[in-house]
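Following our numbering, the numbering of the sequence shown begins with 35 at its first residue and continues without gaps.
Please read the structure below before turning to the comments.
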Amino acid sequence: MSSGGFSDATLARFAREVAKYPADQKQSAVMACLAIVQQEAGHVSVESEKYVADYLGMAPIAVHEVTTFYNMYNQRPVGKYKLNVCTNLPCQLRDGGAALAHLERKLGVSMGDTTEDGLFTLQQSECLGACADSPVLLVNDRTMCSFMSNDKLDQLVDGLRKAGD
Numbered sequence: 035m036s037s038g039g040f041s042d043a044t045l046a047r048f049a050r051e052v053a054k055y056p057a058d059q060k061q062s063a064v065m066a067c068l069a070i071v072q073q074e075a076g077h078v079s080v081e082s083e084k085y086v087a088d089y090l091g092m093a094p095i096a097v098h099e100v101t102t103f104y105n106m107y108n109q110r111p112v113g114k115y116k117l118n119v120c121t122n123l124p125c126q127l128r129d130g131g132a133a134l135a136h137l138e139r140k141l142g143v144s145m146g147d148t149t150e151d152g153l154f155t156l157q158q159s160e161c162l163g164a165c166a167d168s169p170v171l172l173v174n175d176r177t178m179c180s181f182m183s184n185d186k187l188d189q190l191v192d193g194l195r196k197a198g199d
């Protein structure tokens, strides 16, 4: 089996994840392996999906279904800061859509696009599980920001822009 362009360290991480499951259930490590791919490459390409499928003994379409179901997996390169704004119905009722529109104007991009400087990718999320804190957004799939008024959105973007320079 080819290494799929992955480093020995990455392959060792795959093996550690697979070892957590019974031998006949190694495909249970698919999400962890995809997360490892993304950490190394910045996104999960179709080629890396195929390698993970081969590594885990899965059909490539099964891995692709996981990649496309969860918005935490980037299917193409993204900016240094990925901003996911919740636009599910409860958040829409509490200005989630307005927060997304404000960020589109401030960043000068449409939802799904990356700024020309490569700093920001703006995306929508179906649900971040914080309806009572809306509008909410997730930065780089790790940091939840709640009650995001236009002023707080401006402060967040300006702070990230300064940190990204």
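Think of the CB as a built atom: it goes at the ideal place given N, C-alpha and C, for glycine as much as any other residue.
| query | result |
| --- | --- |
| What is the C-beta distance between residue 173 and residue 115, in whole angstroms, given that I count them as a contact (C-beta under 8 Å)? | 6 Å |
| Just to confirm the assignment, what range does the alpha helix (DSSP H) spanning residue 184 have? | 184-198 |
| From 43, 147, 166 and 88, pick the residue whose C-alpha is nearest to that of residue 110; which is it? | 147 |
| Inspect the CB distances between the region 114-130 and the region 70-79 and report whether three or more fall short of 8 Å. | no |
| Can you tell me whether residue 70 is buried or exposed, with buried defined as 16 or more other CB within 10 angstroms of its CB? | buried |
| Does the region 176-195 come close enough to the region 153-168 to have 3 or more Cβ pairs within less than 8 Å? | yes |
| So, do the region 124-137 and the region 94-102 have three or more beta carbon pairs nearer to each other than 8 Å? | no |
| Within the region 125-166, note down every full alpha helix (DSSP H) run reaching 4 residues or more, in order along the chain. | 130-141 |
| So, helix, strand or coil for residue 101, using DSSP? | helix |
| Measuring only the C-alpha atoms, how far is residue 159 from residue 66? | 20 Å |
| What's the call for residue 120, buried or exposed, on a 16-neighbour Cβ count within 10 Å? | buried |
| Between which two residues does the alpha helix (DSSP H) holding residue 44 run? | 42-52 |
| In the structure shown, what three-state DSSP assignment does residue 92 receive? | coil |
| Which residues in the same chain as residue 122 place their Cβ atom closer than 6 Å to its Cβ, once the five residues preceding and following it in sequence are excluded? | 160 and 161 |
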